[in-house]
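**Q**
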Amino acid sequence: MSDLKNKNIILGVCGGIAAYKSAELVRLLIKQGAQVQVVMTHSAGEFVTPLTFQALSGRVARDTLFDLDAEAGMGHIELVRWADLILIAPATANTIAKITHGIADNLLSTICMASKAPLLIAPAMNQQMWINAAMQDNIKMLLRRQTVTLCGPAAGEQACGDTGPGRMEEPAQLLKRCITLLKSNQQLSGNQSPGKRLKGKKILITAGPTIEDIDPVRYMSNRSSGKMGYAIVQAAIDEGAEVVLVSGPTVLTAPAQAEFFMVRSALEMHDKVFELIDSADIFIATAAVADYRPVKKVEQKIKKNNTTLILELIKNPDILADVAALANKPLCIGFAAETNDVKNYALDKLKRKNLDMIVANKVGESQSGGNTGFEGDNNELNLYWNNPADRTELRTKNLPYASKYQLAGQLIDEIVLLFT
Ligand code: C5P
Numbered sequence: 043m044s045d046l047k048n049k050n051i052i053l054g055v056c057g058g059i060a061a062y063k064s065a066e067l068v069r070l071l072i073k074q075g076a077q078v079q080v081v082m083t084h085s086a087g088e089f090v091t092p093l094t095f096q097a098l099s100g101r102v103a104r105d106t107l108f109d110l111d112a113e114a115g116m117g118h119i120e121l122v123r124w125a126d127l128i129l130i131a132p133a134t135a136n137t138i139a140k141i142t143h144g145i146a147d148n149l150l151s152t153i154c155m156a157s158k159a160p161l162l163i164a165p166a167m168n169q170q171m172w173i174n175a176a177m178q179d180n181i182k183m184l185l186r187r188q189t190v191t192l193c194g195p196a197a198g199e200q201a202c203g204d205t206g207p208g209r210m211e212e213p214a215q216l217l218k219r220c221i222t223l224l225k226s227n228q229q230l231s232g233n234q235s236p237g238k239r240l241k242g243k244k245i246l247i248t249a250g251p252t253i254e255d256i257d258p259v260r261y262m263s264n265r266s267s268g269k270m271g272y273a274i275v276q277a278a279i280d281e282g283a284e285v286v287l288v289s290g291p292t293v294l295t296a297p298a299q300a301e302f303f304m305v306r307s308a309l310e311m312h313d314k315v316f317e318l319i320d321s322a323d324i325f326i327a328t329a330a331v332a333d334y335r336p337v338k339k340v341e342q343k344i345k346k347n348n349t350t351l352i353l354e355l356i357k358n359p360d361i362l363a364d365v366a367a368l369a370n371k372p373l374c375i376g377f378a379a380e381t382n383d384v385k386n387y388a389l390d391k392l393k394r395k396n397l398d399m400i401v402a403n404k405v406g407e408s409q410s411g412g413n414t415g416f417e418g419d420n421n422e423l424n425l426y427w428n429n430p431a432d433r434t435e436l437r438t439k440n441l442p443y444a445s446k447y448q449l450a451g452q453l454i455d456e457i458v459l460l461f462t
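In my numbering, the protein residues as written are 43 to 462.
1) Note down, one range per segment and in chain order, each beta strand (DSSP E) of at least 3 residues found wholly within the stretch 287-346.
2) Just the C-alpha distance for glycine 144 and threonine 350, rounded to the nearest angstrom, thanks.
3) Please say whether alanine 327 and cysteine 374 have beta carbons closer to each other than 9 Å?
4) Looking at lysine 385 and tyrosine 36, is the spacing between their C-beta atoms short of 9 Å?
5) Report all residues for which the CB-ligand distance to some heavy atom of the ligand C5P is below 5 Å; order them along the chain.
6) Note the first and the last residue of the continuous beta strand (DSSP E) segment covering arginine 209.
7) What residue from Ala378, Gly406, Glu456 has the CA that sits closest to lysine 395's CA?
8) If we ignore side chains and look at the alpha-carbon of each, how far apart do glutamate 380 and tyrosine 387 end up?
9) Put methionine 35 into one of helix, strand or coil per three-state DSSP.
10) Contact between the stretch 195-209 and the stretch 151-161 is defined here as three or more beta-carbon pairs at a separation below 8 Å; is this criterion met?
11) Tell me which residues share the same chain as glycine 75 and place their Cβ nearer than 6 Å to its Cβ, disregarding the 5 neighbours each side in the sequence.
12) Determine the contact status of tyrosine 334 and methionine 399, defining contact as a CB-CB distance below 9 Å.
13) Measuring alpha carbon to alpha carbon, tell me which residue in Ala131, Val458, Glu66 is nearest methionine 210.
14) Does DSSP put threonine 2 in a helix, a strand or coil?
15) Output the distance between the C-alpha atoms of arginine 104 and glutamate 281, rounded to the nearest integer angstrom.
16) Give the DSSP-derived three-state secondary structure of asparagine 233 in the structure shown.
17) Just curious, the alpha helix (DSSP H) that cysteine 374 is in, first and last residue?
18) How is the beta strand (DSSP E) around alanine 402 delimited, first residue to last?
19) With three or more beta-carbon pairs closer than 8 Å as the criterion, would you say the stretch 122-141 touches the stretch 164-176?
20) Just verifying my parser: in three-state terms, what is the DSSP assignment at proline 195?
21) Could you give the first and the last residue of the continuous beta strand (DSSP E) run that contains asparagine 440?
22) Touching or not, the stretch 181-188 and the stretch 235-250, by the rule of three or more beta carbon pairs under 8 Å?
23) In chain order, what residues of the same chain lie with their CB nearer than 6 Å to the CB of arginine 437, ignoring the 5 residues before and after it?
24) With DSSP collapsed to three states, give me the class of threonine 248.
25) Taking lysine 314 as the reference, which of Gly58, Ala249, Lys73 has the closest Cα?
26) Going by DSSP, name the residue or residues bridged to alanine 112.
27) At what residues does the alpha helix (DSSP H) containing methionine 167 begin and finish?
28) Rounded to whole angstroms, how far is the Cβ of leucine 149 from the Cβ of leucine 107, which I believe are closer than 8 Å?
29) Go ahead and label serine 64 buried or exposed: buried means 16 or more other beta carbons lie within 10 angstroms of its beta carbon, across all protein chains shown.
30) Please classify leucine 355: does DSSP put it in a helix, a strand, or coil?
31) For lysine 446, count the other beta carbons within 10 Å of its own beta carbon; 16 or more makes it buried, fewer makes it exposed. Which is it?
32) Please report how far the alpha carbon of glutamate 212 lies from the alpha carbon of histidine 312, in whole angstroms.
33) In three-state DSSP terms, what is glycine 451?
34) Give the secondary structure of glutamate 422 by DSSP, where H, G and I count as helix, E and B as strand, and everything else as coil.
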């Protein structure tokens, strides 16, 4: 395999215990055909020696901005122009803060400021540092930049003995993210990527809220913005899928490459989905479908003659459960947005609706303290699925707080890995 053939990657290594894993990362990148230039911060040298990286990458690891010899070879601006991608793994809180605020006081942070290349950041730090408000504010600010992508951190046991989010994502996972990122970047710049992993697959996606009319001027709905669903549409397109979007009313613009149907009510969404489902390989239901609708729509505006008004509601059909009950059902992925007891409700839906995967998120606040849910640009997701080989074995994965677009890419990665 040579997914990174002719790609030039700057690997930034900061001073954290996870730096020992960066050596393995260099090996994996090189194996995929990339040229790797390691740029270390001063404190990274306390954990791994430059010689290790030199031996693995075949290039002298750079660590100083004002190194006359190195600058005479390839100056730092030349290095910036050379790079197709900058990956920082591990990225410490200190380096993340510098990059966020434009402090260019060492070679790595200077390169980041001077570069237009995609920047993939793999944070690694103590879990308290990761959830610290300053850190989370910085991450949110950084993720607003088009070129920046976050990978991890994973949650689990930490070198310091704590347990929680802050572990560097594994090198194999980082390698996959580099490949996808470079592929989608190549596509954005007009070169068709050769290895589109969902090419030939048709994906039907529901998104947004539904609107249930009460009378000609009033309706019931919910706070879904559609942002998560539309981001998944884009991520699936980026992987070469043929995407059909059935959306409730939102202010968003559907990606031009998607076939787009706007509907209003749950019943309309149900009908449209069933008109289209036969040809779908994958069904992703992100829509926040209203559970109930008024038994009858009143034709004229209801007058406020009484102090109380009783509205009789009837249950809407469950679009996702109905699709998952089809004899030739596509792969079915549902969403569970909950305010409490997220995991239990999600697992209940996985089983009750006969789904292949459920994507859960807490409406309100993520594990790391960021705002999540309906209207924001960021989210945190927990995926649950049954091992396809042994349906009794439950698998789970946390996709930490990030922009909805980034999470959509990571979700599509998981779908590709698991089910194609
Ligand atoms: O049962 P609940 O509404 O919490 O389930 C959420 C999941 O089911 C989401 O994937 C949502 O899009 C889907 N759903 C649906 N039709 C409904 C209700 C929910 O497709 N009527």
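The beta-carbon is built from N, C-alpha and C at its ideal position, and this holds for glycine as well. As the structure is a prediction and not an experimental result, all values here were calculated from the model.
**A** With the structure as the only source:
1) Qualifying beta strand (DSSP E) stretches, in chain order: 301-304, 324-327, 334-336.
2) So the two alpha carbons sit approximately 58 Å from each other.
3) Yes, the pair counts as a contact, with Cβ atoms nearer than the cut-off.
4) No answer is possible for residue 36: the residues shown for the chain start at 43 and end at 462.
5) Any residue whose Cβ sits closer than 5 Å to a heavy atom of the ligand C5P makes the list: Ala327, Ala329, Val331, Asn358, Asp360, Ile361, Leu362, Gly376, Phe377.
6) Element bounds for arginine 209: 205-209.
7) Per the Cα distances, Ala378.
8) Roughly 8 Å between the two C-alpha positions.
9) Lying outside 43 to 462, the shown extent of the chain, residue 35 is not represented and no answer is given.
10) No, they do not touch.
11) In its chain, beyond the 5 residues on either side, Ser44, Leu46, Lys47 have a beta carbon closer than 6 Å to the beta carbon of glycine 75.
12) Against a cut-off of 9 Å, the Cβ pair of methionine 399 and tyrosine 334 comes out as no contact.
13) Of the candidates Ala131, Val458, Glu66, Ala131 places its Cα closest to the Cα of methionine 210.
14) In the structure as shown, the chain begins at 43 and stops at 462. Residue 2 is therefore absent and cannot be evaluated.
15) If I take the Cα positions, the gap works out to 35 Å.
16) Summary for asparagine 233: the model assigns pLDDT 39, below 50, so the residue's position carries little reliability, and this model does not support an answer.
17) That residue, cysteine 374, is in no alpha helix (DSSP H); its beta strand (DSSP E) goes 373-380.
18) Start and end: 399-404.
19) Contact check between the stretch 122-141 and the stretch 164-176: three or more CB pairs, one atom from each, fall below 8 Å, which counts as touching.
20) Of the three classes helix, strand and coil, the one that applies to proline 195 here is coil, per DSSP.
21) Annotation for asparagine 440: the continuous beta strand (DSSP E) segment containing it runs 436-445.
22) At 8 Å Cβ cutoff, the stretches do not touch.
23) Answer for arginine 437: Trp427, Asn429, listed in chain order.
24) Strand at threonine 248.
25) Ranking the options by Cα distance to lysine 314, first place goes to Ala249.
26) Beta bridge pairing from DSSP links alanine 112 with no other residue.
27) Where methionine 167 is concerned, there is no enclosing alpha helix (DSSP H), given that its DSSP letter is neither H nor E.
28) Rounded to the nearest angstrom, the Cβ distance from leucine 149 to leucine 107 is 4 Å, consistent with a contact under 8 Å.
29) Serine 64 should be labelled buried.
30) Look at leucine 355 here: in three-state DSSP terms it is strand.
31) By the 16-neighbour rule on beta-carbons within 10 angstroms, lysine 446 is buried.
32) Near 41 Å, if we compare the C-alpha coordinates of histidine 312 and glutamate 212.
33) Looking at glycine 451 - three-state DSSP - the assignment turns out to be helix.
34) In the structure shown, the three-state DSSP call for glutamate 422 is strand.
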